[in-house]
Ligand SMILES: NC(=O)c1ccc[n+]([C@@H]2O[C@H](COP(=O)([O-])OP(=O)(O)OC[C@H]3O[C@@H](n4cnc5c(N)ncnc54)[C@H](O)[C@@H]3O)[C@@H](O)[C@H]2O)c1
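Numbering (our numbering), first residue to last: 4 to 247.
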């Protein structure tokens, strides 16, 4: 699909590392103009030269509106910023609950609300939300509020898809299984027995391995491009068989 995004301007949140970063690389390779945004500037120097790096907290509505005003033509929005709270309901305190909702749910609301008027006016646009197979699709132990937020992302995706279907705007989500990213590495390192935790994480995928961020980016490229013009409201599971 090389060149499948040429002529499109794509805004990606959580672009500094992991899946978001892989999406930036893939979108640049597909010929897109990419606005790579992240709350942290730590990895901005590594972006491909075609990408414009923007420091942006996706939960800060004022800052989001200002960035969108500076880039009035956004053809594709990828909501990738996310946070994994570990714990069952009794371990999930109110601060973690609120933080999870803010980063995983409110950011999608704020970002989509900012770009949708322009997409509607141009009668064209694609929003891609990164959900998770741990959501309404499958349960995982000690992911209580994370699963709740990702279920909400899938629900928001379907609502936006239906409400804007007559405006030429599509909205789909991607539900990855366990993907080898820096944040996953951090969760493994923080476990009581990191080696065992890695074995357990791999065992969740019947394919016997972790997913790669580039594999998720390939699905994002498809949903961003006109090749998927007949898809809206879909959730694409990419999980090595986790949910089977
Ligand atoms: N890694 C996995 O196994 C996996 C599985 C399913 C879903 N996901 C989802 O994919 C997305 C990316 O996951 P990842 O593992 O690549 O994460 P990651 O932690 O490696 O990267 C997340 C990025 O988001 C940025 N970020 C955090 N809060 C932000 C905010 N408020 N505004 C803007 N940027 C912010 C971080 O600085 C970081 O660069 C998340 O939504 C995550 O829930 C990941």
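Positions of the beta carbon are idealized from the N, C-alpha and C atoms, including for glycine.
Collapsed DSSP secondary structure at residue i in the structure displayed
| i | result |
| --- | --- |
| residue 179 | strand |
| residue 214 | strand |
| residue 172 | strand |
| residue 121 | helix |
| residue 163 | helix |
| residue 238 | strand |
| residue 21 | helix |
| residue 85 | coil |
| residue 207 | coil |
| residue 50 | coil |
| residue 95 | coil |
| residue 63 | coil |
| residue 195 | coil |
| residue 232 | coil |
| residue 152 | helix |
Bridge partners - residue i, DSSP secondary structure assignment
| i | result |
| --- | --- |
| residue 80 | 14 and 130 |
| residue 58 | 41 |
| residue 36 | 12 |
| residue 189 | BP columns for residue 189 are empty, so no partner. |
| residue 137 | 141 |
| residue 26 | None; residue 26 has no bridge partner. |
| residue 243 | In DSSP, residue 243 forms no bridge with anything. |
| residue 90 | 146 |
Whole-angstrom distance between residue j and residue i, CA atom to CA atom
| i | j | result |
| --- | --- | --- |
| residue 25 | residue 15 | 11 Å |
| residue 94 | residue 102 | 14 Å |
| residue 121 | residue 179 | 29 Å |
| residue 123 | residue 170 | 5 Å |
| residue 62 | residue 43 | 13 Å |
| residue 54 | residue 41 | 13 Å |
| residue 84 | residue 67 | 13 Å |
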